[in-house]
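Structure record follows, encoded as structure tokens.
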Amino acid sequence: MSEKPINPNRRRSGKISFLRRKNQNLVDQLNVHTENTVLNEETKTYVSKFVKNVRDCASLSLYEQTATDIKHISSHTCDHKLCFICNYLRQKKIRRKYSLWFDNNPHFLTILKEKGSTYVEKVITIWQHENKYSEYEIVSRVKFEVMHLLLTVRHTEDGFKGEKFYQKEFRRLFNLMRKKEEWLSWVYGGEFGFEITKKENGYHIHVHSMIFVKKGYRNRNKIYRMIFELWNKATVDETNDKKEFTEKELTAIKKNCGNIPNWEAPEDFVKRLKPNGATRIRLEGLYIRDDDGKKIYVTEYTGQNVMKSLLEIISYHFEPYAFDKENDEFDVPLMVELLPYMFNLRIYDRFGILHSESPLAMKNNSLLSDLEEALESKEELEGGLEKAKENSNFSIINPVYVYHPKHDDYRITINEKGLNLRIDLSASNTKDAVEEMSRMAVMMHQEPTPKASNPMPGNTNFHNHDISSQERAYFEEQINDMIGE
Ligand SMILES: [Zn+2]
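Shown next, in the form of structure tokens:
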């Protein structure tokens, strides 16, 4: 039954081509929308910037032609929050990082740290001990449990607390809650991402969060009640005149809180809650499913199945907004509405014990270090990036012209147009070829009059390459041909 696994390089290349076409499709739909809709100047600017981003994203892609095969090396991307290619690459990257992290961190550590004239216990990660607190003696190992938290606020068509787009206020309240003593006594830290959809009752903004909590018997119910009460009170909306819970709401809350021996009964617990505060809150331990589809909760974070469901929580954060996955449809009007808000919006973050955990950082990677990290096959790694290769040619090709026929084992196949428009590089090894592509990308993003400003955040290490005006004109023309206006 089992099919032959697809060569990972071809699979990645196939995905990039597929998403590059999807981006193209989105660009076409956005252009139609802007032609037929009255938009204010500000929105127009954001839309045209976005269109340029997703149209250019990965249009510069580096392929290596060897004597026997073609390989996809890397792509220059736009880093926009709504881009399909960039979100796919972010998902891959975050999975890689967390999967390695869980292998290296089966538990946390406690150290004793001076505070004034006394010592207090501090829980840190293994990496933090090695890199920041190596002079401290380890007092104990701390077991943790991972849970998936979902937070919402009570909102109407008019939004929340008088704001239609209330992500900033949501974020502020979530930050405040994480400073509360009750929270800190149960939760070591975690990571979260915002999701934004729109329904009949306005923007629905919510948070998915992976939290690391104290391990213990039936802790889920206790932590759930703690978070429920904190979040319900924190999110009271005075502009919402809801005075009482409905019977349906009460039943749901009581059921979700569960019974805890020697704790307050659910009937009494709900009496303390505010009807105009949030009540849609979910907390669940990590589970896998057995052969009959039944949930099995797990507290050890090893093994392929466990890792798969762990990484699913995290990859939630990098699902493109305003896209209906089930029907494979873009919500273009929503996308246009969101664009002005998305600018400068922090939608993903780590907190508590994970806050300064550098091995989990997503930013500040150049194309090269990304590439080194992402190399999937052992041969690729052992081949080395700087080794000159015999009979290897590097070309920049737009992935829209690249196909992966199933009958040919998904081999990378470039159509005639792609071959005609490709830009051959003079580089003789992978490292030089990636740098050459990055220089082109820098040029592509520069204004006609060179400014000192950083044209491509995160890729500053290619700035000192001088490009002659002739070279620039030559490349510019070729790039424009390849991407197509
Ligand atoms: Zn992109």
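Here my numbering is used: the first residue of the sequence shown is -1, the next is one more, and so on.
Beta carbons are placed, not taken as given, at the ideal position from N, Cα and C, and that holds for glycine.
Residue state for LYS269 is assigned as helix, using DSSP reduced to three classes.
For ARG139, the closest of LYS213, ARG170, ILE410 and ARG94 by C-alpha to C-alpha distance is LYS213.
Ligand 1 has a heavy atom closer than 8 Å to the beta-carbon of HIS78. Scanning its chain for C-beta atoms nearer than 6 Å, with the 5 sequence neighbours on each side dropped, one finds around ILE92 the residues ILE312, in chain order.
Taking the Cα positions, PRO264 is about 44 Å away from CYS81. Sorting ILE351, ALA56 and TYR134 by C-alpha distance to the C-alpha of MET442 places ALA56 at the top. Beta-bridge analysis with DSSP links MET441 to no other residue. Less than 9 Å divides the Cβ of TYR222 from the Cβ of LEU281. Sequence-distant partners of ASP67 (beyond 5 residues in either direction) whose C-beta falls short of 7 Å from its own C-beta are missing from its chain. Residue range 165 to 175 is occupied by the alpha helix (DSSP H) that includes MET175.
For ASN391, there is no enclosing alpha helix (DSSP H); the enclosing beta strand (DSSP E) covers residues 391 to 395. Around the beta carbon of LEU107, 16 or more other beta carbons lie within 10 angstroms, which makes this residue buried. Rounded to whole angstroms, the Cβ separation of THR150 and ALA276 is 6 Å, and the two are in contact under 8 Å.
DSSP places SER73 within a strand segment (E or B) once states are collapsed to three.
When Cβ pairs closer than 8 Å are counted between the two stretches, the segment 400 to 411 is seen to touch the segment 3 to 12, the count reaching three or more.
Contact between TYR44 and LEU337 holds: their C-beta atoms lie close to 4 Å from each other, under 8 Å.
A residue is called buried once 16 or more other Cβ atoms fall within 10 Å of its Cβ, and SER15 is buried on that count. In this structure, ILE83 has its CB closer than 8 Å to one or more heavy atoms of ligand 1. Using a Cβ distance threshold of 9 Å, LEU58 and MET435 count as a contacting pair. Non-local beta-carbon contacts of GLY160 in its own chain, meaning distances under 8 Å to residues more than five positions away in sequence, involve THR237 in chain order. For ASN29, same chain residues with a beta-carbon under 8 Å away, outside a window of 5 residues either side, are VAL49 in chain order.
Ranking TYR215, GLU179 and ALA425 by CA distance to the CA of PRO259 puts TYR215 first. Here MET305 carries a helix assignment [DSSP, helix/strand/coil].
For LYS42, the enclosing alpha helix (DSSP H) begins and ends at 39 to 54. Taking a cut-off of 8 Å for Cβ pairs, the segment 329 to 336 and the segment 224 to 234 do not touch, as fewer than three such pairs fall below it. Taking the CA atoms as reference points, ASP156 sits about 12 Å from LYS196. A straight line joining the alpha-carbon of ASN103 with that of ASP288 spans about 26 Å.
Taking all protein chains in view, the Cβ of ASP101 is surrounded by fewer than 16 other Cβ atoms within 10 Å, so the residue is classified as exposed. Secondary structure in the segment 153 to 239: the beta strand (DSSP E) runs of 3 residues or longer, each lying completely within the stretch, are 185 to 197 and 200 to 212 in chain order.
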